[in-house]
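S.K.:
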Amino acid sequence: MSTLKIKKGDTVKVIAGKDCNTEGKVISVDAKNGKVVVEGVNMVTKHAKPSQANPNGGIIQKEAPIDISNVMLVFKGKATRVGFKMDGDKKVRFAKATGEVID
23 MSTLKIKKGD TVKVIAGKDC NTEGKVISVD AKNGKVVVEG VNMVTKHAKP SQANPNGGII
83 QKEAPIDISN VMLVFKGKAT RVGFKMDGDK KVRFAKATGE VID
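The numbering used here applies: residue 23 is where the sequence shown begins, and numbers increase by one.
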């Protein structure tokens with residue numbers, strides 16, 4: 023499995039699906055299944071039974087995972103593809119639109 027180009031905490035733009043052109047922060051990344059959960063994107067309605075954490079239960083809105091291929095990293099306000107290169111002896115991500123190192 024190759025290294026994923028999107029990490030937790032990145033700002034991404036949705037490029038496909040019902041939430042197309044929506045930007046949000048990545049909450050979690052599932053590398054095994056190639057899915058990401060983005061803040062405020064792909065909201066689903068879930069019926070929850072009363073529990074210790076949620077004593078009333080009821081209907082709650084939460085984010086569902088979307089495929090990692092449907093999001094693009096936003097770097098300096100612009101959606102860009104991501105590449106990898108060696109910076110000395112360290113592997114770093116860089117924005118293909120500008121060529122700048124991301125982290």
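The beta-carbon is built from N, C-alpha and C at its ideal position, and this holds for glycine as well.
(1) Write down every uninterrupted run of the beta strand (DSSP E) in the segment 46-112 whose length is 3 residues or greater and which is fully enclosed by it, in chain order.
(2) Once the 5 residues before and after V66 are set aside, which same chain residues still bring their CB inside 7 Å of it?
(3) Go ahead and label D125 buried or exposed: buried means 16 or more other beta carbons lie within 10 angstroms of its beta carbon, across all protein chains shown.
(4) Would the beta-carbon of A119 fall within 7 Å of that of K98?
(5) Bridge partners for K35 per DSSP, in chain order?
M.R.: If we stick to the structure as given:
(1) Annotation: the segment 46-112 contains the following complete segments of the beta strand (DSSP E) (minimum length 3 residues), in chain order: 57-60, 65-70, 80-85, 93-97, 100-102, 104-109.
(2) The residues K84, A86, in chain order, have a CB closer than 7 Å to that of V66 in the same chain once the five nearest residues on each side in sequence are set aside.
(3) exposed
(4) no
(5) E45, M94
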